[in-house]
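Just so we're aligned: 244 in numbering that gives the first Met the number 0 is position 245 of the sequence shown, and the numbers increase by one with no gaps anywhere. Backbone N, C-alpha and C fix where the C-beta goes; we use that ideal spot for every residue, glycine too.
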Amino acid sequence: MRNTLLFFIAAILVALFSVGRPLYAEEEFTPLEPENWLPAASLPLAPHNHPMPSTLNDLVTLLPYSPVNNPLLPEQANTSPLLPKLKSQGRVKVLLGYSVPPGTATRMTWVPSQSFSGLDVNTPVLVVNGEQAGDTLCLTAAIHGDELNGIEMVRQVMYGLNPEALRGTVIGVPIVNLMAFGRSSRYLPDRRDLNRYFPGTPYGSLASRFAYAFFNDIVRHCDALIDLHTGSFHRTNVTQLRADLSHPKVAALTNDFGKIVALNTQGNPNSLRAATVAAGIPAVTVEAGEPLRLQKHVVREGVEALRTLLKKRDMIDHSVFWREPEPAFYQSSWVRTQTSGILFSQVKLGAKVTKGEILGTVTNPVTSERTTIRSPYSGIILGMALDQFVLPGFASYHIGLLTRSQSPTQPPIDGDGFED
Numbered sequence: 000m001r002n003t004l005l006f007f008i009a010a011i012l013v014a015l016f017s018v019g020r021p022l023y024a025e026e027e028f029t030p031l032e033p034e035n036w037l038p039a040a041s042l043p044l045a046p047h048n049h050p051m052p053s054t055l056n057d058l059v060t061l062l063p064y065s066p067v068n069n070p071l072l073p074e075q076a077n078t079s080p081l082l083p084k085l086k087s088q089g090r091v092k093v094l095l096g097y098s099v100p101p102g103t104a105t106r107m108t109w110v111p112s113q114s115f116s117g118l119d120v121n122t123p124v125l126v127v128n129g130e131q132a133g134d135t136l137c138l139t140a141a142i143h144g145d146e147l148n149g150i151e152m153v154r155q156v157m158y159g160l161n162p163e164a165l166r167g168t169v170i171g172v173p174i175v176n177l178m179a180f181g182r183s184s185r186y187l188p189d190r191r192d193l194n195r196y197f198p199g200t201p202y203g204s205l206a207s208r209f210a211y212a213f214f215n216d217i218v219r220h221c222d223a224l225i226d227l228h229t230g231s232f233h234r235t236n237v238t239q240l241r242a243d244l245s246h247p248k249v250a251a252l253t254n255d256f257g258k259i260v261a262l263n264t265q266g267n268p269n270s271l272r273a274a275t276v277a278a279g280i281p282a283v284t285v286e287a288g289e290p291l292r293l294q295k296h297v298v299r300e301g302v303e304a305l306r307t308l309l310k311k312r313d314m315i316d317h318s319v320f321w322r323e324p325e326p327a328f329y330q331s332s333w334v335r336t337q338t339s340g341i342l343f344s345q346v347k348l349g350a351k352v353t354k355g356e357i358l359g360t361v362t363n364p365v366t367s368e369r370t371t372i373r374s375p376y377s378g379i380i381l382g383m384a385l386d387q388f389v390l391p392g393f394a395s396y397h398i399g400l401l402t403r404s405q406s407p408t409q410p411p412i413d414g415d416g417f418e419d
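See the structure below:
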């Protein structure tokens, strides 16, 4: 009886103590006050030591580096005596209507045009403006929405930069073609290839208008441009450069990548690369891997090539870089199948082959009849089709020719439409 009475009294006390408060009250969260701020002209600022901006247009260093000198509070930004001096020195990067002071990084939004209102095309743009003056290098990826390797390359390079040690500016657009990317498609919703419409026009098709806006809003602010791609249509590429080596500035840009295969080609005249070169800005394409896959080893090769480029252009201090450039290939050709069936390759990407060597076979799935594919040239496998069902005339192996004396019997890559 006594135990029952004590239990009853204890229950009453617990009930009275709990009135007016939850049984499992959570501690109220109080955000930390920012300790360091970076100078800005017109953008709201995020805390300097915060690893990511809280909104698309917040300025923030991408890594928690030490504070810069002369810190400013946000309300002081527009009246800072530092900004006119920095602008006069060309050290404040102005892009898309925003000012990015030296030693800072920002993530902003590019809206192509009012013509696309209602569509999800608010494209993120990453900008790292170095503390010291230098060139502006632009990195673009996913012009084709099914090409994923370049997206991760841009992310790793951009978020690996220290804005306080960078010399110059790096602009990264990890996903240029959001409309295609959201559908895992190479093409825009109007079934056009965006990389065939540069520099575009303001009154043409969807692709042409999109290309025009991107070219004028972003590309014309670049001193050099690197456009990142993969193979297309169930094909894969060895990590390589595509460049018009007849342009001295393009050739110099190519040499700065270090040990990476280069293929001399003008490219489609309406590709981003060709249009950029025509505008007087050196540009190259990086082709790496296959579409619709994220390949870690390919991404690693691309990131190292881009960091080597930044090092060679004296934009960063990078202790490890590749050896001297590979010899460039001035001719290449696709080897096509002559029969239909299942393709089984016997060579690997990047392999050196000799004339007459077996590249693979095509097997008829009904009759089991097998046809052998032999290389008509000596060279390097720059690209190849994945094992799959093929029809006659299917471009299966892309061979970079080792000598100019070999005359390709089939149209060059530009005619095939598999470039860029």
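- Residue pairing of THR168 in beta bridges, as defined by DSSP: ASN128 and THR135.
- For the pair ASN194 and ASN269, the Cα-to-Cα distance works out to about 7 Å.
- For MET314, the three-state secondary structure derived from DSSP is coil.
- Note on ASN236: 16 or more other CB atoms within 10 angstroms of its CB, so buried under the neighbour-count rule.
- At a Cβ-Cβ threshold of 8 Å, ILE150 and ILE170 do not count as neighbours.
- DSSP places PHE343 in no alpha helix (DSSP H) but in the uninterrupted beta strand (DSSP E) bounded by 340 to 344.
- Per DSSP, ILE225 is one residue of the beta strand (DSSP E) stretching across 223 to 228.
- When C-beta atoms of the stretch 289 to 299 are compared with those of the stretch 204 to 214, fewer than three pairs fall below 8 Å, so the two segments do not count as touching.
- For ASN236, DSSP records a beta bridge to GLY288 and GLY382.
- The beta-carbon distance between ALA273 and ASN267, rounded to whole angstroms, is 6 Å. This is short enough to meet the 8 Å contact definition.
- DSSP, read as helix, strand or coil, puts TYR211 in helix.
- The C-alpha of THR362 is placed about 35 Å away from the C-alpha of ARG299.
- Annotation for ASP134: GLY167, THR168, ASP222, ALA223, ARG312 and MET314 place their beta carbon closer than 8 Å to its own, counting only its chain and skipping 5 residues before and after.
- By the criterion of at least three beta-carbon pairs nearer than 8 Å, the stretch 248 to 255 is not in contact with the stretch 186 to 200.
- Contiguous alpha helix (DSSP H) elements confined to the stretch 175 to 199 occur at 177 to 180, taking only those with 4 or more residues.
- DSSP, read as helix, strand or coil, puts ASN254 in helix.
- Under the three-state reduction of DSSP output, THR105 falls in the strand class.
- Annotation for ASN148: no beta strand (DSSP E) segment contains it, though the alpha helix (DSSP H) segment containing it runs 148 to 157.
- Taking the CA atoms as reference points, ALA394 sits about 12 Å from ILE372.
- ILE225 and LEU305 do touch by the CB rule: their CB atoms are close to 7 Å apart, below 8 Å.
- In the structure shown, VAL110 falls within a coil segment according to DSSP collapsed to helix, strand and coil.
- Burial state of TYR202 is exposed, judged by a 10 Å Cβ sphere holding fewer than 16 other Cβ atoms.
- The continuous stretches of beta strand (DSSP E) do not include ALA350, and DSSP gives it neither H nor E.
- In this structure GLY340 does not touch ILE379 by the C-beta definition: roughly 26 Å separates them, more than the 8 Å allowed.
- By the neighbour-count definition (other C-beta atoms within 10 Å, threshold 16), ASN121 is an exposed residue.
- The three-state reading of DSSP puts PRO247 in helix, counting H, G and I together.
- By the C-beta density criterion, LYS354 is exposed, having fewer than 16 other C-beta atoms within 10 angstroms.
- ASN215 is classed as exposed because its beta carbon has fewer than 16 other beta carbons within 10 Å across all chains shown.
- Taking C-beta atoms as the reference points, SER231 and ARG185 count as a pair closer than 8 Å.
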